[in-house]
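Numbering (this note's numbering), first residue to last: 5 to 160.
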């Protein structure tokens with residue numbers, strides 16, 4: 005008995021064609037998932053770093069001189085709390101006293117690169133904001149700046 009060759013007929017190659025049509029959508033969906041995961045990770049890391057730096061300032065573990073440059077504060081105190089996946093060069097920090105906790109709820113635009121750090125005085129309400137700009141353009145979400153914020157009252 006001999007085996008007869010299989011006849012594929014008109015359905016030959018349909019799986020390859022369907023895969024080719026859906027592969028672009030699948031890859032785009034995967035890239036979107038990875039981008040969203042990175043943005044959420046960056047937001048969580050920035051919030052943690054802002055909260056930890058604010059806690060250190062709040063308890064007096066970190067002391068900052070009035071008028072100090074934000075680069076000195078950032079490299080010495082803030083960046084140690086950041087995740088290694090977030091570059092410290094993309095972060096801009098603003099530390100300033102505000103009138104009350106209600107003012108901390110307003111959104112403010114990202115400041116210029118040369119910002120001085122104002123640690124305030126005893127009992128002043130402080131606002132610590134960290135702005136992160138990703139080094140690569142993130143498409144399709146186009147999140148240009150991520151902000152981590154912490155508010156506290158000085159005890160020292």
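Positions of the beta carbon are idealized from the N, C-alpha and C atoms, including for glycine.
- Message: Give me the residue from 81, 137, 130, 18 with the minimum Cα distance to residue 115.
- Response: 137
- Strand pairing of residue 19, partner residues [DSSP]: Bridge partners of residue 19: none, in fact.
- Go ahead and pull the three-state DSSP assignment for residue 8. coil
- Item | Three-state secondary structure assigned by DSSP to residue 29 | helix
- Task: Please classify residue 119: is it buried, with 16 or more other beta-carbons within 10 angstroms of its beta-carbon, or exposed?
- Result: buried
- Message: Just to confirm before moving on: does the CB-CB distance between residue 99 and residue 50 stay below 8 Å?
- Response: no
- Message: Would the segment 52-64 count as touching the segment 12-32 if we require 3 or more Cβ pairs under 8 Å?
- Response: no
- Query: By a C-beta neighbour count over all protein chains shown, 10 Å radius and 16 as the cutoff for buried, is residue 23 buried or exposed?
  - Reply: exposed
- Message: Check for me: the alpha helix (DSSP H) holding residue 205 runs from which residue to which?
- Response: Nothing can be reported for residue 205: it is not among the residues displayed for the chain, which extend from 5 to 160.
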